[in-house]
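K.L.:
Note that the protein sequences, when read in sequence, are chains L and A.
The numbering of the first sequence is full-length UniProt numbering, which starts it at 1 and goes up by one.
The numbering of the second sequence is full-length UniProt numbering, which starts it at 1 and goes up by one.
Ideal Cβ placement from N, Cα and C applies to all residues, glycine included.
Fair warning: this is a prediction, and the values are worked out from it, not measured in the lab.
There are 2 protein chains.
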Amino acid sequence: MKKNAQINSTRVCQVRMQAISDAMSLLSGKWKFHILGTLIEGNTLGFMDLLREINGIGTKMLSKELQDLEINNLISRTVMNTKPITVEYSITEQGKTLLPLIDELAKWGIDYRKSVYHKI
Amino acid sequence: MKKNAQINSTRVCQVRMQAISDAMSLLSGKWKFHILGTLIEGNTLGFMDLLREINGIGTKMLSKELQDLEINNLISRTVMNTKPITVEYSITEQGKTLLPLIDELAKWGIDYRKSVYHKI
DNA sequence: GATAGTACTTTCCTCTTGGGAACTACATGT
DNA sequence: ACATGTAGTTCCCAAGAGGAAAGTACTATC
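1) Return no unless some Cβ of chain L is closer than 9 Å to the Cβ of residue 83/A.
2) Using the beta-carbon of each residue, which ones in chain L are nearer than 7 Å to residue 53/A?
3) Quick check: the Cα distance between residue 16/A and residue 105/L, rounded to an integer number of angstroms?
4) On the three-state DSSP scale, how would you describe residue 45/L?
5) Please report whether the beta-carbon of residue 80/A lies at a distance below 9 Å from any beta-carbon of chain L.
6) Among 99/A, 109/A, 119/A, which residue has its Cα nearest to the Cα of residue 40/A?
7) Grab me the residues of residue 116/A's own chain with a C-beta within less than 8 Å of its C-beta, minus the 5 sequence neighbours each way, in chain order.
8) If you run the structure through DSSP and keep just helix, strand and coil, what is residue 25/A?
9) Does the beta carbon of residue 97/A come closer than 9 Å to any beta carbon on chain L?
10) For residue 15/A, which residues in chain L fall below 7 Å Cβ to Cβ?
11) To the nearest angstrom, how far is the alpha carbon of residue 7/A from that of residue 82/A?
12) Step through the CB atoms of chain A and report whether any lies within less than 9 Å of the CB of residue 68/L.
13) Whole angstroms are fine: how far does the CA of residue 38/L sit from the CA of residue 109/L?
14) Is residue 11/A close to chain L? Criterion is C-beta to C-beta, closer than 9 Å.
15) 9 Å is my cut-off, CB to CB: does residue 104/A come that close to chain L?
16) Would you list, in sequence order, the uninterrupted beta strand (DSSP E) runs of no fewer than 3 residues that lie entirely inside the stretch 60-103 of chain A?
17) Helix, strand or coil for residue 40/A per DSSP?
18) Which chain L residues are close to residue 61/A, counting only those with a beta carbon under 7 Å from its beta carbon?
19) For residue 35/L, which option in 9/L, 95/L, 13/L has the closest C-alpha, if you only look at C-alpha atoms?
20) Taking only the alpha-carbon atoms, compute the straight-line gap between residue 23/A and residue 87/L and give it to the nearest angstrom.
21) Which residues in the same chain as residue 75/A place their Cβ atom closer than 8 Å to its Cβ, once the five residues preceding and following it in sequence are excluded?
22) Would you verify that the beta carbon of residue 34/A is, or is not, closer than 9 Å to some beta carbon of chain L?
23) Would residue 85/A be called buried (16 or more neighbouring beta carbons within 10 Å of its own) or exposed?
24) If the cut is a Cβ gap below 8 Å, which residues of chain A does residue 20/L touch?
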């Protein structure tokens, strides 16, 4: 007799699994949380500001990740009428809903590091 | 005059950024949250149980991800003295601390999907 | 005219991730 | 002997992630 899935076959688990896949596909990659976190802190920042704030990121990755985040309505991009041209990036209301998740992630990371440190 | 980073140069932001990088490096990939979530639900499961529960995963990925999670002390692996040999995977105390994060991720994914759905 | 600053995009490259399929190895049931 | 079940590993391949460097375009300043 062949066994079937029991736990994740429930409706509620299917929805949760789908939700986790959704969230991961929007937030995957090395830089998205850093960009979002920085924009939540800083409110409104230019491209060069972000390049300076986020240690290690290059122009290509920043540009690409900003596009991804804008497409998914997590940040907004506004071209300002200045000379030379400047662009302002800020977090959207949708993006702000990520704050509890980012806090939870940071909190877990800090606690995990502590627990590893105390074992050595 | 060259501008410097201002927001993320504070000590508390540096620690948060590091913590997020730590957490992401342990939890990145397509399957880790699914495996952890299933083990939290199911308590103790064999390799084949997980293969059945987690829709779409193959033996190679499951094997590799389980090793990663075991190395980081998020799950435990116990070879049972049965014939044929069976292996039991279960969540560790360390792994259980991820529950709030997984809940927050699932919650955000569900809300995000709702907000997109209502706009169409 | 040259340099520097803003905001990117494009090209080229490597490394990693993820998946399918086949294979190992052992034991039990028919 | 042969199929079935458990628990993987190994090989091969495709696609994507990530990064360095150069190029584009426009403006302002020295």
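P.N.:
Walking through what the data contain:
1) On the second sequence, residue 83/A is found 83 positions in, with the first residue counted as 1. Answer no: the Cβ-Cβ gap between residue 83/A and chain L never drops below 9 Å.
2) By one-based count along the second sequence, residue 53/A stands at place 53. Result: 5, 7, 8.
3) Here residue 16/A refers to the residue found at position 16 when the second sequence is read from its first residue. Here residue 105/L refers to the residue found at position 105 when the first sequence is read from its first residue. Those two C-alpha atoms are separated by around 9 Å.
4) Here the question's residue 45/L lines up with position 45 in the first sequence. Strand.
5) The sequence position of residue 80/A within the second sequence is 80, counting from 1. Cβ-Cβ to chain L under 9 Å: no for residue 80/A.
6) As a first step, residue 40/A must be located in the second sequence, where it is residue number 40. Nearest C-alpha to residue 40/A: 99/A.
7) Sequence index remark: in the second sequence, residue 116/A carries index 116 (1-based). Correct list: empty, nothing qualifies.
8) Translated into positions along the second sequence, residue 25/A becomes position 25. In the structure shown, residue 25/A sits in a helix (DSSP, three-state: H, G or I).
9) Position 97 of the second sequence holds residue 97/A. It does; some Cβ of chain L falls within 9 Å.
10) To locate residue 15/A, count along the second sequence from 1; it is residue 15. Within chain L, the residues near residue 15/A are 110.
11) Here the question's residue 7/A lines up with position 7 in the second sequence. Here the question's residue 82/A lines up with position 82 in the second sequence. In a straight line, the C-alpha of residue 7/A is about 57 Å away from that of residue 82/A.
12) Residue 68/L sits at position 68 when you count from the first residue of the first sequence. Judged by the 9 Å Cβ criterion, residue 68/L is not in contact with chain A.
13) Within the first sequence, numbered from 1, the residue matching residue 109/L stands at position 109. Within the first sequence, numbered from 1, the residue matching residue 38/L stands at position 38. Their backbone Cα atoms lie some 17 Å apart in a straight line.
14) Taking the first residue of the second sequence as 1, we reach residue 11/A at position 11. Closer than 9 Å: no.
15) The sequence position of residue 104/A within the second sequence is 104, counting from 1. Closer than 9 Å: yes.
16) 75-80, 86-91
17) As a working note, residue 40/A is residue 40 in the second sequence. Helix, per DSSP.
18) One-based indexing of the second sequence puts residue 61/A at position 61. Result: empty, since nearest Cβ-Cβ is about 14 Å, beyond 7 Å.
19) The count along the first sequence starts at 1 and reaches residue 35/L at position 35. Of the listed residues, the one whose Cα sits closest to residue 35/L is 95/L.
20) In the second sequence, residue 23/A corresponds to position 23, counting from 1. In the first sequence, residue 87/L corresponds to position 87, counting from 1. Approximately 31 Å between the Cα atoms of the pair.
21) If you number the second sequence from 1, residue 75/A lands on position 75. Excluding sequence neighbours, residue 75/A sits near 35, 36, 39, 66, 69, 89, 90, 91, 92, 95.
22) For the purposes of this step, residue 34/A is taken as residue 34 along the second sequence, with counting starting at 1. Yes, because at least one Cβ of chain L sits closer than 9 Å to the Cβ of residue 34/A.
23) For the purposes of this step, residue 85/A is taken as residue 85 along the second sequence, with counting starting at 1. Answer is exposed; the Cβ neighbour count stays below 16.
24) Residue numbering aside, residue 20/L sits at position 20 when the first sequence is read from its first letter. Ordered by position in chain A, the residues that pass the 8 Å Cβ test against residue 20/L are 33, 34, 37, 102, 105, 106, 109.
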